[in-house]
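Enquirer:
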Amino acid sequence: MDLVLHQFDEHLLTPYVYPETWLEDDIIRQALSLFVITLIGADLMYLLLASFSYVFIFDKRLTKHPRFLENQIWIEIKATLRAAPYTTMLTVVMFLIHIRGYGRLYDRIEEAPFGYWSVPLEVVTFLLFTDSCIYWIHRGLHHRLVYSTLHKPHHAYKITTPFASHAFHPIDGFSQSLPYHLYPLLFPMHKYLYLTFFVMVNFWTVSIHDGDFRVPEFMKPFVNGSAHHTDHHLYYNYNYGQFFTLWDRIGGSFRDPSSYSGEGPMDQVLNSEKLEDFMNKKQDFIEEKISLTAGYKRQDSKVARRR
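Sequential numbering of the sequence shown, starting at 991, is according to this note's numbering.
See below:
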């Protein structure tokens, strides 16, 4: 994050915002700058990603599901924006630790332990490390001692939209993001790769709440996608994983997504629409039959009068 802060200091904060006497490496100034940059950046990224996903990916028919809340999208957005300042405060602490030089982030590939091979190695280990940590943190948040206070607000949305992706209690949201900050404290990681993952994780978080259950067939057994996470919201104690199904299988919490077997929320909506269409057609048929019968009776009555 020091790369981002440096750009803001050089082009905006030092020449136009802060007095010359307030040094760039002052920890209070760094904390204040990081808070504003992170809060605005995170809110904008959330709104843009979730809006794009809602407009172009999310199937609006899911809003007809009986478990979709009234005004749910606005509730999700308000919950996210209300929690964002508090989550940002906690996140800034982790950014400061790295900026003050206590992490293992590096600038140049020459500083990497295995040269250019370090980058693909960091990608794999970062995904495996964070997926494992988030599984256990997420599962822990379902413990009865903390669930109702911390994690239950996120589970209010049984049929999620992309806007539910960041609608967490601040401690809940920060807890599940903590492994992303811990990895570069424990292991070497290139700064640009760290920033890339910081953005990509937000993409992924939106994607597993977007109701798009399509996954390439060969990836279904391994990738914890929207179908898996939807069942987590619906059935509570299954599919805790973030990226992969590995730890759910190890921990006995894996559930084959109901959407893959034709029993998911979209199937329920479509079946309901088919039933409604059938009932409407049946009602139209009955009304048409009644109308025809009434017409025949009127004709019979006319014939009888003529006689």
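Ideal Cβ placement from N, Cα and C applies to all residues, glycine included.
Where does leucine 1135 sit, in a helix, a strand or coil, going by DSSP?
Expert: As a working note, residue 1135 is residue 145 in the sequence shown. Leucine 1135: coil per DSSP, three-state reduction.
Enquirer: Any idea if methionine 1318 is buried or exposed, counting beta-carbon neighbours within 10 angstroms, 16 or more meaning buried?
Expert: What is shown of the chain runs 991 to 1297, which leaves residue 1318 out entirely.
Enquirer: Name the DSSP beta bridge partners of valine 1189, please?
Expert: Your numbering for residue 1189 matches position 199 in the sequence shown. Note: valine 1189 sits in no beta bridge, so no partner.
Enquirer: Is the number of C-beta pairs between the stretch 1170-1184 and the stretch 1084-1098 that are closer than 8 Å three or more?
Expert: Touching, yes, given that three or more Cβ pairs across the two stretches are closer than 8 Å.
Enquirer: So for tyrosine 1096, helix, strand or coil by DSSP?
Expert: Along the sequence shown, one-based indexing puts residue 1096 at 106. It is a strand residue.
Enquirer: Measure the alpha-carbon distance for glutamine 1062 versus proline 1103 and round it to whole angstroms.
Expert: Numbered from its first residue, the sequence shown carries residue 1062 at position 72. Numbered from its first residue, the sequence shown carries residue 1103 at position 113. Going from the Cα of glutamine 1062 to the Cα of proline 1103 covers about 48 Å.
Enquirer: Which class does phenylalanine 1116 belong to by DSSP, given the choice of helix, strand or coil?
Expert: Your numbering for residue 1116 matches position 126 in the sequence shown. It is helical.
Enquirer: On the premise that threonine 1220 lies in contact with serine 1251, defined as a C-beta separation below 8 Å, what is that separation, rounded to the nearest angstrom?
Expert: Stepping through the sequence shown from its first residue, residue 1251 is reached at position 261. Stepping through the sequence shown from its first residue, residue 1220 is reached at position 230. Contact doesn't hold; Cβ gap of about 13 Å is too wide.
Enquirer: Under the three-state reduction of DSSP, which class applies to methionine 991: helix, strand or coil?
Expert: Counted from its first residue, the sequence shown places residue 991 at position 1. Three-state DSSP puts methionine 991 in coil, outside helix and strand.
Enquirer: Below 8 Å on the Cβ atoms is my contact criterion, and I expect threonine 1032 with phenylalanine 1153 to pass it. Report the Cβ-Cβ distance as a whole number of Å.
Expert: What you label residue 1032 is simply residue 42 of the sequence shown in a count that begins at 1. What you label residue 1153 is simply residue 163 of the sequence shown in a count that begins at 1. Contrary to the premise, residue 1032 reads as alanine rather than threonine in this sequence. Their Cβ separation, rounded to whole angstroms, is 14 Å, which puts alanine 1032 and phenylalanine 1153 out of contact at 8 Å.
Enquirer: Contact check, leucine 1052 vs proline 1247 under 8 Å by CB: the rounded distance?
Expert: Within the sequence shown, numbered from 1, the residue matching residue 1052 stands at position 62. Within the sequence shown, numbered from 1, the residue matching residue 1247 stands at position 257. At roughly 15 Å, the Cβ-Cβ gap does not stay under 8 Å, so leucine 1052 and proline 1247 are not in contact.
Enquirer: Which two residues bound the contiguous alpha helix (DSSP H) that contains tyrosine 1033?
Expert: As a working note, residue 1033 is residue 43 in the sequence shown. In the sequence as displayed, the identity of residue 1033 is aspartate instead of tyrosine. Counting along the chain, the alpha helix (DSSP H) containing aspartate 1033 begins and ends at 1017-1046.
Enquirer: Tell me which residue opens and which closes the alpha helix (DSSP H) that methionine 1079 is part of.
Expert: Translated into the one-based positions of the sequence shown, residue 1079 becomes position 89. Where methionine 1079 is concerned, the enclosing alpha helix (DSSP H) stretches over 1062-1089.
Enquirer: Which residue or residues does DSSP assign as beta-bridge partners of phenylalanine 1234?
Expert: Against the sequence shown, residue 1234 aligns to sequence position 244. According to DSSP, which records beta bridges pairwise, phenylalanine 1234 is partnered with Val1213.
Enquirer: Please report the straight-line C-alpha distance between isoleucine 1047 and threonine 1011, rounded to a whole angstrom.
Expert: For the purposes of this step, residue 1047 is identified with residue 57 of the sequence shown, where counting begins at 1. For the purposes of this step, residue 1011 is identified with residue 21 of the sequence shown, where counting begins at 1. Each residue's Cα considered, the two are about 50 Å apart.
Enquirer: On the three-state DSSP scale, how would you describe histidine 996?
Expert: In the sequence shown, the residue the question calls residue 996 occupies position 6. Histidine 996 falls in the helix class under three-state DSSP.
Enquirer: What three-state label does DSSP hand histidine 1001 in the structure shown?
Expert: Looking up residue 1001 in the sequence shown gives position 11. Correct three-state label for histidine 1001: helix.
Enquirer: Near lysine 1272, what residues of its chain come up, given a Cβ to Cβ distance below 7 Å and the 5 sequence neighbours on each side ignored?
Expert: For this step, residue 1272 is matched to residue 282 along the sequence shown. Annotation note: pLDDT 43 at lysine 1272 (below 50); position unreliable, coordinate value reported separately. Correct list: empty, nothing qualifies.
Enquirer: In angstroms, rounded to a whole number, what distance separates the CA positions of aspartate 1274 and leucine 1260?
Expert: Along the sequence shown, read from residue 1 onward, the residue named residue 1274 stands at position 284. Along the sequence shown, read from residue 1 onward, the residue named residue 1260 stands at position 270. Low per-residue confidence applies at aspartate 1274: pLDDT is 47, beneath 50, and the placement is therefore not dependable, though the value from the model is reported in the following sentence. When rounded, the distance between both Cα atoms is 21 Å.
Enquirer: In three-state terms, what does DSSP make of aspartate 1274?
Expert: Here residue 1274 refers to the residue found at position 284 of the sequence shown. Residue placement at aspartate 1274 is poorly supported in this model, since its pLDDT is 47, which falls under 50; the coordinates still yield a value, given next. Note: aspartate 1274 maps to helix in three-state DSSP.
Enquirer: Rounded to a whole number of angstroms, what is the C-alpha to C-alpha distance between glycine 1163 and valine 1026?
Expert: The residue you call residue 1163 lines up with position 173 of the sequence shown. The residue you call residue 1026 lines up with position 36 of the sequence shown. Near 18 Å, if we compare the C-alpha coordinates of valine 1026 and glycine 1163.
Enquirer: For histidine 1159, name the three-state secondary structure that DSSP assigns.
Expert: Within the sequence shown, the letter at position 169 stands for residue 1159. Here histidine 1159 sits in coil by DSSP.
Enquirer: Going by the beta-carbon positions, is the gap between tyrosine 1125 and tyrosine 1008 smaller than 8 Å?
Expert: To locate residue 1125, count along the sequence shown from 1; it is residue 135. To locate residue 1008, count along the sequence shown from 1; it is residue 18. For tyrosine 1125 and tyrosine 1008, no; Cβs fall outside 8 Å.
Enquirer: Which one of Thr1235, Asp999, Tyr1137 and Asn1227 has the shortest CA to CA distance from methionine 1209?
Expert: On the sequence shown, position 219 is the one that residue 1209 refers to. The shortest C-alpha separation from methionine 1209 is found at Thr1235.
Enquirer: Hey, phenylalanine 1119 and proline 1169 are a contact pair by Cβ (cut 8 Å); roughly how many whole angstroms apart?
Expert: Against the sequence shown, residue 1119 aligns to sequence position 129. Against the sequence shown, residue 1169 aligns to sequence position 179. The pair is a contact, with the Cβ atoms about 7 Å apart (cut-off 8 Å).
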